[in-house]
Amino acid sequence: MRVALAQLDARLGDIDANAERAREVIVEATAAGADLVVFPELYLSGYALRGVERETARTAEEVALLVGGSALVGFH
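Note that my numbering gives residue 15 to position 10 of the sequence shown, counting from 1, and the numbers run on in steps of one.
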């Protein structure tokens, strides 16, 4: 199994922009042979935002399904 670690700066509260960047990284990493892409804790929300848990989880799942790969995106 090849694992890619994505060390990125997240935009605070900008789930759409963070998800788009995650898509780009997943596409690039899977094209390079990664089986799993791991993102920083709370990457999609930017960090500790209340009330976005469901949206963040849904977005993470959509990103992984869209590119046909696997991604590990932490959220709280």
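The C-beta atom is built at its ideal place from N, Cα and C for all residues, glycine as well.
All figures in this text were calculated on a predicted structure; none of them were measured in a lab.
Taking the C-alpha atoms as reference points, what is the distance between Arg7 and Ala22?
Along the sequence shown, one-based indexing puts residue 7 at 2. Along the sequence shown, one-based indexing puts residue 22 at 17. So the two alpha carbons sit approximately 26 Å from each other.
Less than 8 Å between the C-beta atoms of Tyr48 and Leu13, yes or no?
As a first step, residue 48 is located in the sequence shown; it is residue number 43 there, counting from the start. As a first step, residue 13 is located in the sequence shown; it is residue number 8 there, counting from the start. Taking 8 Å as the Cβ cut-off, Tyr48 and Leu13 qualify as a contacting pair.
Residues near Gly38 in its chain [Cβ-Cβ closer than 8 Å; skip 5 each side]
Reading the sequence shown from its first residue, position 33 is the one you call residue 38. Same-chain partners within the cutoff: Arg7.
Write down the C-beta distance between Gly51 and Gly18 rounded to the nearest angstrom, noting that I regard them as a contact closer than 8 Å.
Counted from its first residue, the sequence shown places residue 51 at position 46. Counted from its first residue, the sequence shown places residue 18 at position 13. About 5 Å separates the two Cβ atoms, so the contact holds.
Taking the beta carbon of Ala24 as the centre, do at least 16 other beta carbons fall within 10 Å, making it buried, or is it exposed?
Numbered from 1 along the sequence shown, position 19 holds the residue referred to as residue 24. Buried: at least 16 other Cβ atoms inside 10 Å.
Identified DSSP bridge partners for Leu41
In the sequence shown, counting from the first residue as 1, residue 41 sits at position 36. Bridge partners of Leu41: Val8.
Determine whether the beta carbon atoms of Ala9 and Ala34 lie at a separation below 8 Å.
Walking along the sequence shown from the start, residue 9 turns up at place 4. Walking along the sequence shown from the start, residue 34 turns up at place 29. Closer than 8 Å, so yes.
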